[in-house]
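The sequence shown maps to residues 1 to 493 in UniProt numbering.
Idealized CB from N, CA, C, for every residue including glycine.
Note that the structure is a prediction, hence the values are computed from the model and not measured.
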Amino acid sequence: MGPSEHVVPGSRREALPGARRVGDADPAETVRVTVVLRRAAPRSGAPADADELVLVERFARDHGLSVTATSPAARSIGLLGSVAQMNAAFGVSLGRYSTDGQTYRGREGDVHVPRELADVVVAVLGLDDRPQARAHFRVAHDPRGARVEGVAPRAATSGYPPREVARRYGFPTDLDGTGQTVAVIELGGGYRTADLTEYFEKQGVKRPTVSAVSVDGAKNTPGGDADGEVALDIEVIGAIAPGAHIAVYFAPNTTSGFYDAIAAALHDTRRKPSIVSISWGEAEAGWTPQAMDSYDELFADAGPLGVTIYAAAGDDGSRDNGTGDNVDFPASSPHVVGCGGTTLAPTGEVVWNDSATGNGATGGGVSVHFGLPPYQAEAAVPSSPRRTAGRGVPDVAGDADPLTGYQVRIDGRDAVIGGTSAVAPLWAALTALANQRGGTRAGEPHERLYAHPAAFVDITSGDNGGYSAGPGWDACTGLGSPRGEQIVQILGG
């Protein structure tokens with residue numbers, strides 16, 4: 001681009017640790033990106049300005065790019081073009097990178113747009129197609145010390161039916177989520193209808209209505225490692241709230257695919273989800289600021305729409321698969337309810353931390369990107385690793401230890417799976433019950449949850465590596481695990 005170029009703030013991207021550029025990307029390779037625009041007005045839920053959408057569309061045509069989708073509500077435009085066209089349009093140099101046996105299309109440095117779009121475009125997502133997020137589920141190690149890969153039959157030797165976990169937490173038994181739609185975001189894998197039929201029959205629960213929604217060309221594709229995540233999400237929600245409709249939004253595991261899936265769920269005028277469950281994420285250090293900020297703006301739309309969003313806090317302790325303490329995004333968004341993990345013992349709960357045996361530990365800590373939200377002003381959140389006042393993660397907790405995990409059925413086999421991936425759908429199901437009870441939509445619940453600490457079982461024992469549990473909110477289990485009936489009363493109004 002010429003001297004009129006403008007750097008999109010927060011767009012600088014680094015290569016993955018240990019990755020090396022092995023060459024330029026094929027100039028003819030097709031690239032799909034999502035361009036995110038600012039709001040037309042400074043309020044949550046405000047759409048993009050119609051004239052500014054036209055400006056971006058004109059820019060796209062000038063560079064030979066095709067407009068694949070336009071969403072004023074999500075403030076986004078989908079563009080399709082070749083690597084060569086994207087390089088020219090956004091002032092980048094896309095290359096092929098290699099790391100840990102995988103290759104990806106990537107970039108380093110900033111993204112650029114013309115100066116006339118400087119105050120219009122807030123993010124350009126998807127130029128880089130590295131896997132952006134990880135599924136936060138865990139299968140326990142084999143007792144003999146070998147990792148149980150996939151879904152070995154011997155993994156299904158213990159664990160709880162989801163309805164038993166719900167019973168332990170005092171979920172009401174006179175509700176089934178009727179009238180609610182729970183959106184589940186999946187960035188890989190799939191489910192088999194036969195598995196769901198067998199699973200719910202074995203659990204003694206009517207099979208819920210489950211539908212697959214394709215986003216950016218991704219589809220329900222069972223047979224991969226991520227099937228465990230998909231099954232866990234559907235089966236936990238379906239066992240506890242079988243009357244709810246479960247809509248599974250499948251999208252590519254890229255910054256644009258993830259964004260588009262969330263936008264599709266929030267603004268789905270056909271299914272109208274009241275709850276979104278997200279079990280995928282990555283340490284904040286693995287995201288660009290432009291991506292986190294544009295996602296956070298999208299999450300801010302949820303409240304006015306009456307949608308509640310839950311996200312797993314991660315399964316790698318306070319480091320979250322990074323160097324030093326990290327929190328997981330999107331759980332760190334102030335508009336998302338971050339879900340931490342416990343070990344559910346016969347007589348109580350402690351922080352989930354099986355790091356010594358390789359079985360993971362709950363994520364949690366303090367954001368270095370998002371400031372302290374008002375609802376956490378009295379929570380005694382410690383300073384962030386940068387000594388700033390940051391958003392504390394998680395907000396709530398639930399059983400996540402794979403050794404006290406959830407019975408599921410995946411690819412024709414029974415298994416027991418845990419991870420904070422189980423906690424997001426657990427809370428999603430509880431919220432479906434609350435919405436049914438109140439005949440309403442809970443929306444963003446943070447202020448109500450933090451105003452009622454007695455509605456939680458306070459977890460005061462254990463740590464996640466960098467932080468220890470204690471009375472009140474902590475960076476391991478947040479406010480604690482739910483007292484189901486009380487949470488239903490709070491959220492159901």
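Quick check: what's the CA-CA separation for residue i versus residue j?
i      : j      : result
Val33  : Tyr467 : 38 Å
Val7   : Ala118 : 8 Å
Asn464 : Ala397 : 13 Å
Glu444 : Ala73  : 18 Å
Arg192 : Leu232 : 13 Å
Gly419 : Asp315 : 6 Å
Asp458 : Leu175 : 25 Å
Asn321 : Ser98  : 19 Å
Val423 : Gln85  : 43 Å
Gly190 : Val416 : 18 Å
Gln376 : Ala135 : 27 Å
Val120 : Phe258 : 21 Å
Ala451 : Pro382 : 19 Å
Gly18  : Arg105 : 15 Å
Asn253 : Leu125 : 12 Å
Gly95  : Glu57  : 26 Å
Ser279 : Pro374 : 25 Å
Val368 : Ser384 : 6 Å
Ala455 : Pro304 : 25 Å
Thr388 : Phe329 : 18 Å
Thr308 : Ala302 : 7 Å
Arg386 : Gln436 : 42 Å
Gly306 : Arg319 : 33 Å
At a cut-off of 8 Å, is residue i close to the ligand ZN when judged by its beta-carbon and the heavy atoms of the ligand?
i      : result
Leu403 : The ligand ZN is not part of the structure shown, which contains no ligands of any sort.
Could you check how far apart the C-beta atoms of residue i and residue j are, in whole angstroms? I think they sit under 8 Å.
i      : j      : result
Ser421 : Phe137 : 4 Å
Val236 : Pro162 : 5 Å
Leu430 : Gly480 : That belief does not hold up - the Cβ atoms of Leu430 and Gly480 are roughly 14 Å apart, past 8 Å.
Gly81  : Ser93  : The pair is not a contact, with the Cβ atoms about 15 Å apart (cut-off 8 Å).
Ala469 : Val393 : With a Cβ gap of about 14 Å, Ala469 and Val393 do not count as contacting.
Ala28  : His63  : Between His63 and Ala28 the Cβ distance is about 15 Å, and since that is not below 8 Å, they are no contact.
With H, G and I counted as helix, E and B as strand and the rest as coil, what does DSSP make of residue i?
i      : result
Val54  : helix
Phe137 : coil
Gly398 : strand
Phe299 : helix
Val148 : Only weak support exists for where Val148 lies, its pLDDT of 33 falling under 50; the value from the coordinates is given anyway. Of the three classes helix, strand and coil, the one that applies to Val148 here is coil, per DSSP.
Asp62  : helix
Tyr467 : coil
Asp293 : helix
Ser383 : coil
Trp427 : helix
Ile487 : helix
Asp174 : coil
Gly338 : strand
Pro114 : strand
Tyr191 : coil
Val215 : coil
Taking the alpha-carbon of residue i as reference, which of the options has the nearest alpha-carbon?
i           : options                           : result
Asp325      : Gly365, Glu297 and Ala69          : Gly365
Gly179      : Trp287, Leu79 and Lys272          : Lys272
Pro114      : Gln132, Gly243 and Ala60          : Ala60
Thr404      : Ala379, Asp354, Gly392 and Leu372 : Asp354
Leu79       : Asn87, Ala89 and Thr68            : Thr68
Glu349      : Gly286, Thr477 and Thr388         : Thr477
Ala361      : Glu284, Ala432, Ala283 and Asp401 : Asp401
Val337      : Ala442, Gly472 and Ala123         : Ala442
Ala251      : Ala241, Val230, Arg413 and Gly238 : Val230
Asp24       : Thr347, Arg107 and Ser71          : Arg107
Asp225      : Gly188, Asp260 and Gly340         : Gly188
Arg167      : Thr460, Thr440 and Leu344         : Leu344
Leu372      : Trp352, Ile240, Asp395 and Gly281 : Asp395
residue 501 : Glu282, Trp352, Ala312 and Ala218 : Outside the modelled stretch of the chain, which goes from 1 to 493, sits residue 501, for which no answer is possible.
- Sufficient close CB pairs (3 or more, under 8 Å) joining the region 212-228 to the region 254-265: As far as the Cβ criterion goes, the region 212-228 touches the region 254-265, which means the pair count is three or higher.
- Task: Flag this pair as touching only if the region 193-206 and the region 282-301 have three or more C-beta atom pairs under 8 Å; answer yes or no.
- Result: By the Cβ rule, the region 193-206 does not count as touching the region 282-301, because fewer than three pairs are nearer than 8 Å.
- Query: Three or more beta-carbon pairs under 8 Å between the region 236-255 and the region 36-54, yes or no?
  - Reply: By the C-beta criterion, the region 236-255 is judged not to be in contact with the region 36-54, since fewer than 3 inter-stretch pairs fall below 8 Å.
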